[in-house]
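Enquirer: The opening residue of the sequence shown carries number 8 in the numbering used here; numbering runs sequentially from there.
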Amino acid sequence: MKRDPRTIALTLWRSLKLQCPACGRASVFGRPFNVRVHCTSCDVTFKREEGFFVGAIMANVVATEVCILVVYFFCLLFTHLNEQTMLTVLFVIGISFPLAFYHHSWSLWLGLDHLIEGLPKRSQR
């Protein structure tokens, strides 16, 4: 696969829009929190072997931790919230952010895999 900056940007943009990183014509998700097995347009495989999406889960956890730390330091530096209120805010972020970022972490993981290896067609499995 050609990896010029335009191709990389296009693949990442498709992933952010939750579209197939290979063709950009179909959604990666059939229903909320349910990755399709393959692209309905170009037939590349989304669901791979067990453990393939550990990287997506790790990215979601790391992004959540970074978000919590940014909000924590912001609260420390720019607000005068008491400790209980700050912990409540951080708890809500710790629960809601991974749910909100779930689809994007999986889609970005697929996009990165497509850039590195290329997604296999369903018939090649």
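Glycine included, each C-beta is placed from N, C-alpha and C at the ideal position.
Taking C-beta to C-beta, are residue 117 and residue 66 nearer than 8 Å?
Expert: Not closer than 8 Å, so no.
Enquirer: Between residue 71 and residue 122, what straight-line distance do the alpha-carbon atoms span, to the nearest angstrom?
Expert: Approximately 24 Å between the Cα atoms of the pair.
Enquirer: Three or more C-beta pairs under 8 Å: does that hold for the stretch 17 to 31 against the stretch 47 to 66?
Expert: Yes: at least three Cβ pairs fall under 8 Å.
Enquirer: CB residue 23 to CB residue 34, shorter than 8 Å?
Expert: Result no, Cβ atoms of residue 23 and residue 34 do not sit closer than 8 Å.
Enquirer: Can you find the residues in the same chain that come closer than 8 Å, C-beta to C-beta, to residue 64, ignoring five residues on each side of it along the sequence?
Expert: Excluding sequence neighbours, residue 64 sits near 112.
Enquirer: Between residue 108 and the rest of its own chain, which residues show a CB-CB distance below 6 Å, the 5 nearest in sequence each way excluded?
Expert: Result list for residue 108: 67, 70, in chain order.
Enquirer: Let's test the definition: count the other Cβ atoms within 10 Å of the Cβ of residue 13 and tell me whether it reaches 16, buried, or not, exposed.
Expert: Exposed, by the Cβ-count rule.
Enquirer: Would you please state the rounded distance, in angstroms, between the beta carbons of residue 110 and residue 36? I believe it to be under 8 Å.
Expert: About 6 Å separates the two Cβ atoms, so the contact holds.
Enquirer: Less than 8 Å between the C-beta atoms of residue 74 and residue 102, yes or no?
Expert: For residue 74 and residue 102, no; Cβs fall outside 8 Å.
Enquirer: How many Å lie between residue 105 and residue 55 at the Cα?
Expert: Whole-angstrom Cα-Cα distance: 22 Å.
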